[in-house]
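Some notes on the structure that comes next.
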Amino acid sequence: MPKIAITGKGGVGKTTLTALLSHVYTQRGQDVIAIDADPAGNLGMAFGLPAARDAELKPIAEMETLIYERTGAQPGSIGGWFKLNPKVDDLPESLSITHRGVRLLRLGSVRGGGAGCICPESALLRALVTHLLLRKNQTLLMDMEAGIEHLGRGTADSMDAFIIVVEPGLRSLGTARQIQGLAAEIGVKRVYLVANKTRGAGDEAFVRAHAPDLPLLGSLPFTLDALAADQGGLAVFDQAPVLLAAAERIADALAA
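For what it's worth, the working numbering labels the leading residue of the sequence shown as 101, then goes sequentially.
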């Protein structure tokens, strides 16, 4: 089953694409887990998850008692002794919420120390992501910030696709270049683009012209239906059929 990381500059539509593809794979009969690894933590809203249930999705990086129990060290401690390979196999089921057939899990972000922080919470999150990547019978989609936190050389080969979402603009494509470099550093080989908020073939041509070495899987057209879904707290795949159809084509392109 596919393991897909979705990243890009803030606000480009990573969360929208994650929700759309999660729904596509679920409708195709796959067991799907969608991981919210963006500090903004808005993935549940893209699924139309009610606010009360969304509040139940606590960021694992902020669960101090759990981190101490599993690693043997207090969160935020750097340089001391703690387990680098803590027990995590029970966490996906116990800490997730299932909505619309998709299991949702929120990682949160390690505070302080940067993306390379060697600390208990980082060790726990990396171990959890590694465990999920090795589950052969489950489709995984990870909504990430513009970086590679939670990933490392040991997990890069388990990723079937590293999708960078871009808008048809130079700033967004510049961020894509930076992410491409970070991905290469940890050995990610399958890096793709998806263009969002496109207004026609001209926008797709612009993206291809400015990133000729990154395959363009497809595009999500600009539509006010996406804004309406966001404003109403509704699932984007219910409210924007044109985006769902585009996500179907992107999933097909990935499988080709």
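Where is the CB? At the ideal position from N, CA and C, for every residue including glycine.
Since the model is a prediction, treat every value here as computed from it, not as a measurement.
Tell me whether the beta-carbon of Ala301 lies closer than 8 Å to the beta-carbon of Thr323.
Between Ala301 and Thr323, the CB-CB gap reaches or exceeds 8 Å.
DSSP state of Thr323 mapped onto helix, strand, coil
coil
How is Ala297 classed by DSSP in three states: helix, strand or coil?
Reading off the sequence, residue 297 comes out as Lys, not Ala. Strand at Lys297.
Pull the bridge partners of Thr198 from the DSSP assignment, please.
Answer is Arg203.
CB-CB under 7 Å to Val336, same chain, minus the five flanking residues each way: which ones, in chain order?
If we look at Val336 and ignore the five residues flanking it on each side, its Cβ neighbours are Thr116, Ala119, Leu120, Ala146, Ala326, Ala329, Leu343.
Do you know how far the Cα of Gly281 is from the Cα of Gly287?
One C-alpha to the other measures close to 10 Å.
Rounded to whole angstroms, what's the CA-CA distance from Ala195 to Ile160? Just pull it up for me.
The amino acid at residue 195 is misidentified as Ala; the sequence shows Leu. Our two residues, Leu195 and Ile160, have alpha carbons roughly 8 Å apart in a direct line.
Ordered along the chain, which non-local residues of its own chain (more than five positions away) have a Cβ less than 8 Å from that of Arg290?
Met259, Asp260, Ala261, Phe262
Taking only the alpha-carbon atoms, compute the straight-line gap between Glu304 and Gly176 and give it to the nearest angstrom.
44 Å
Buried or exposed, going by whether 16 or more other CB atoms sit within 10 Å of the CB of Ile218?
Result: exposed.
If we count the other Cβ atoms within 10 Å of its Cβ and call it buried at 16 or more, is Leu184 buried or exposed?
Of the other Cβ atoms in all chains shown, fewer than 16 fall within 10 Å of the Cβ of Leu184; this residue is therefore exposed.
Quick one: using the 10 Å Cβ neighbour count with 16 as the cut-off for buried, is Glu193 buried or exposed?
Under this definition Glu193 is an exposed residue.
Across which residues does DSSP place Ala137 in a beta bridge pair?
Met244
Go ahead and label Gly318 buried or exposed: buried means 16 or more other beta carbons lie within 10 angstroms of its beta carbon, across all protein chains shown.
buried
Integer-rounded CB distance, given that Leu204 should sit under 8 Å from Gly144
6 Å
Ignore the nearest five residues each way along the sequence and tell me which others in Arg153's own chain have a CB closer than 8 Å to its CB.
The answer, listed in chain order, is Gly144, Ile197, His199.
Can you give the Cα-Cα distance for Arg308 and Leu225, rounded to whole angstroms?
35 Å
Just the Cα atoms here: how many angstroms apart are Ala295 and Ala137?
In this model, Ala295 and Ala137 are separated by some 21 Å (Cα to Cα).
With 16 other Cβ atoms within 10 Å as the buried cut-off, status of Leu191
buried
Look at the Cβ atom of Ala311, then the Cβ atom of Lys109, and state whether they are nearer than 8 Å.
Cβ atoms of Ala311 and Lys109: not closer than 8 Å.
Quick one: residues in its chain with C-beta nearer than 8 Å to the C-beta of Tyr168, no 5 flanking neighbours on either side, listed in chain order?
If we look at Tyr168 and ignore the five residues flanking it on each side, its Cβ neighbours are Gln174, Pro175, Pro220.
Run through the DSSP bridge pairs and tell me what Thr239 is partnered with.
For Thr239, which the question treats as bridged, DSSP gives the partners Val132.
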